[in-house]
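Before any comments, here is the structure.
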C-alpha cells in the first residue's frame, strides 16, 4: 500500500527522522559522535560514532539503541525534558540530546528520567542518580557528571557513583541549572550550567520565578485532570530573576556579580581556559555587554559593549576565544552582520554572518549568507576566508582537532548529506536514512518587486497552463525566520498543496534574516504594514510571471504565519479571499517579553503598537470589517507558547461583531503537532476547507 504524502510527512516528522545530527568531534579530530534513528520512520534516536583518523576505516558503529535498555517509553519524560523538547521543536524520541567530555571518552544522556553514561565503545551503564534526571553533562575531564533533578543542581562521580547536590532550591519557585522560558524559547540558550575546564567547579544559573505571573493550561477534553500551572512572562510583565554563581566541588559558592537591574537578560555564558564570559542585555535589548568573570571572586569586568537605537540580536556561538586568546564576536555595521576577531571585522560587508559553529585553535568556523536563500559554512584561519560548502543549499557543521563535519541539504535534490573533511581532503560521508518524499518538487525561486523579495512559486505537477490557478500563499512572514531557503525538503509540503490544484506562493518579506540590519528592523513597532504589504507585492509579482487567478487567493500559516493569515483577510479582504490561521498570536500582550518587546516595545510605556497589531482590536474597532472572508482558526489546547486564549478571545470578538468563522480545537496538542494522525489530517482538512472557500 502506497502512503499518501500527508501520512508520509507525518510519519517521518517532515522527513527529519533518520537524518544524522548532533555532531561532536574529539579533540584530536579522530572521532565523530552523532545522533540518528535507524530508518526514516523510526522515532527512536540512537547514539552512533565513526572513527575518521588516518588509519580508520570510516565504519559507523551503533553505541546505544534505547530500545535495548528496557525502559519505559516517552510517557515517562520529566517535565523539564518535555519543556526542552517543546522549546527546541524536537519531534523525535530516544536520545534527543547528549553531552561528552572534551576527549569524547565519556558521553552522558538521560532516558525516561534515568542517567546513563557510555565510554563510546559500546559499554553503556546506568548511574544511580536522583531521578528524574535532566540535562546531564560530563565535566571536560570525564570524571563527573552534573545534572538537574527536582530543580537542584547535582553532581555524580562516574567511577564511584557518589552523588550529591551542589545547589538546592530555597523554595518551589527557584531552580538551579535550568534555562528560564524566554532564554530557551527566544535566546537559543537551552542550558543553565557550564563546567570549568578542570572539572572542579560549575557555573550555574539560579532562576527565581516568583515574580512571573501564573497561567493555567487546562485540558477541556479531560475535565478530571487539574490544570497545568506555568510561569509565563507576557509582554510588559515581570520576568524571572536570573543570577549566576560558581559552585566548587569542594563546597565553595561564589556569586557572580553584575548590574542585574540594568542588564536582566543572561543571553549566553561560557567557561574555557581563558575564564568565564557572559553576555547580558538590557530589557529593551538596545544594549548588550560582554563581561568576563573571575571564578575565584565572582567579580565581573566589562570586555565590550554594543548599542543600537532599535535592538541588538543574539548570535549563536559567541562570544568565544581563539587559542591565542583573541575574542570572537559578531557585530553589525550599516550593511551587514560581520565576524570580529580581536575586535577587527574579518568578513566583507556583503557577507551576512548567521552563527559561529566552532573555534578550533585559531580557526573560526561559521555560517553566513551572501545570498539570503543560501546558508554556507565558512572558515577564517587568520590568513583569510574559505567557503567549505559548495553549490546551492543550506549547511551547518562542527569542527575540532582539524576535522570538520559539514551537513546540509540542497535545492536540486532531496536528502541530507554529511561529509567529513580534514587537511583539505574529504575523509568520508555519514549516511542519512531519511525517507525521500513521494513527490516531485518543481520550485521557481524569484525576486519579487522592487525590494526583490525572495519568493518561491510552485505549480501542480503536470499543469498545462490552460487556465489560471487559484492561489495559496503559504508564508511564515515573521521576523528572524525564513521559509524560502535553497533546500528541496523545505518545499515538499508546498508542492503537495500545489498538486491539490493551487499555485502556491511562499515569500519572505522585511524582517527576515540575512538582508542587513535595515531590512530586519523595518518591522520595528509595526508588524502589520510592512509584513502584509510584502505578501501582496510577492503575490502580484508572481502573477506577472505565472498564470494566477487573483480573484481566488487564500493564505495559510502557523504561529506568526497564522497571525499573518488572519491579518490578511481582516485588513486586505480585497486581495485575500480565505485563510487558515494555525496557532495565531491574536493579542501581542499575551506573548512573551523577549520576543514581543524587541519588536513592539514595552506596552506599559507605549501601547499603540500593540493596539495596531492586535487582531482582536482590528475586529472590535468601528472601522473593522463588517463582512468576513472564510476563516478557519486551528489551535492546540495544550499550547504553552501561543496559549489557546489567543484563539478563544479572537473568536469571541468575531462573534460579537457578527462575523462568521470556524475554530478547530486540538485536544492535547501543543505548539507543535508531532502526532502522526493529527499532522496528517490537519493537512487534509485545510485543503478541503480552502477548496470549499474558493
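Residue numbers (the UniProt record's numbering): 1 to 694.
Every residue gets a Cβ at the ideal spot worked out from N, C-alpha and C, and that includes glycine.
Since the structure is predicted, the reported quantities are computational estimates derived from the model, not experimental observations.
Residue burial classification, residue i (beta-carbon count within 10 angstroms, cutoff 16)
i, result
"residue 564", "buried"
"residue 400", "buried"
"residue 670", "buried"
"residue 12", "buried"
"residue 423", "exposed"
"residue 437", "buried"
"residue 477", "buried"
"residue 405", "buried"
"residue 512", "buried"
"residue 587", "buried"
"residue 520", "buried"
"residue 67", "exposed"
"residue 262", "exposed"
"residue 145", "buried"
"residue 158", "buried"
"residue 166", "buried"
"residue 89", "exposed"
"residue 226", "exposed"
"residue 324", "exposed"
"residue 199", "buried"
First and last residue of the uninterrupted alpha helix (DSSP H) at residue i
i, result
"residue 499", "492-499"
"residue 683", "676-693"
"residue 534", "529-545"
"residue 11", "5-11"
"residue 647", "645-656"
"residue 290", "It is not in any alpha helix (DSSP H) - residue 290 instead sits in the beta strand (DSSP E) that spans 287-293."
"residue 421", "Element bounds for residue 421: not the alpha helix (DSSP H) but the beta strand (DSSP E), 417-422."
"residue 594", "593-600"
Alpha carbon of residue i to alpha carbon of residue j, nearest angstrom
i, j, result
"residue 559", "residue 591", "11 Å"
"residue 189", "residue 462", "46 Å"
"residue 659", "residue 509", "29 Å"
"residue 258", "residue 215", "31 Å"
"residue 585", "residue 642", "6 Å"
"residue 350", "residue 379", "16 Å"
"residue 197", "residue 320", "14 Å"
"residue 238", "residue 594", "11 Å"
"residue 741", "residue 534", "Residue 741 falls outside the range modelled here, since the chain spans only 1 to 694, and no answer is possible."
"residue 394", "residue 407", "9 Å"
"residue 307", "residue 80", "34 Å"
"residue 293", "residue 256", "7 Å"
"residue 710", "residue 98", "For residue 710 there is no data in the structure shown, the boundaries of the chain being 1 and 694."
"residue 389", "residue 626", "53 Å"
"residue 571", "residue 638", "29 Å"
Nonlocal neighbours in the same chain, by C-beta distance under 6 Å from residue i, ignoring five residues either side
i, result
"residue 433", "18, 39 and 40"
"residue 504", "458, 472, 474, 494, 497 and 498"
"residue 630", "578 and 693"
"residue 78", "113, 132 and 134"
"residue 102", "27 and 140"
"residue 316", "188 and 355"
"residue 633", "581, 647 and 663"
"residue 562", "581, 582, 583 and 584"
"residue 668", "638"
"residue 603", "235, 236, 589 and 610"
Chain-order list of residues whose beta-carbon lies under 7 Å from that of residue i (same chain, five-residue window excluded)
i, result
"residue 309", "286"
"residue 69", "111"
"residue 121", "none"
"residue 298", "246, 254, 255, 256 and 257"
"residue 523", "479, 510, 511, 530, 531 and 599"
Range covered by the beta strand (DSSP E) that runs through residue i
i, result
"residue 403", "403-410"
"residue 352", "352-360"
"residue 518", "Note, residue 518: premise wrong, no beta strand (DSSP E); alpha helix (DSSP H) at 517-520."
"residue 305", "300-307"
"residue 446", "443-448"
"residue 459", "It is not in any beta strand (DSSP E) - residue 459 carries neither H nor E in the DSSP assignment."
"residue 216", "214-217"
"residue 265", "265-272"
Residues near residue i in its chain [Cβ-Cβ closer than 8 Å; skip 5 each side]
i, result
"residue 37", "17, 18, 43, 44, 45, 46, 92, 94 and 433"
"residue 9", "15, 437, 492, 493, 496, 679, 680 and 683"
Task: At least three beta-carbon pairs within less than 8 Å, the segment 455-472 to the segment 54-65 - done: no
Task: Inter-stretch contact at 8 Å, needing at least 3 Cβ pairs: the segment 264-275 / the segment 226-235 - done: no
Task: Cβ pair count under 8 Å reaching 3, the segment 204-215 against the segment 169-178 - done: yes
Open item on the list: Whether or not the segment 369-377 and the segment 327-336 are in contact is what I'm after, with contact meaning three or more pairs of Cβ atoms, one per stretch, closer than 8 Å; do they touch?
Closed with: no
Open item on the list: Tell me whether the segment 519-539 and the segment 437-449 touch, counting them as touching only if at least three CB pairs, one residue from each stretch, are closer than 8 Å.
Closed with: yes
TODO: Count the C-beta pairs between the segment 544-558 and the segment 524-534 that are closer than 8 Å, then say yes if the count reaches three, no if not.
DONE: no
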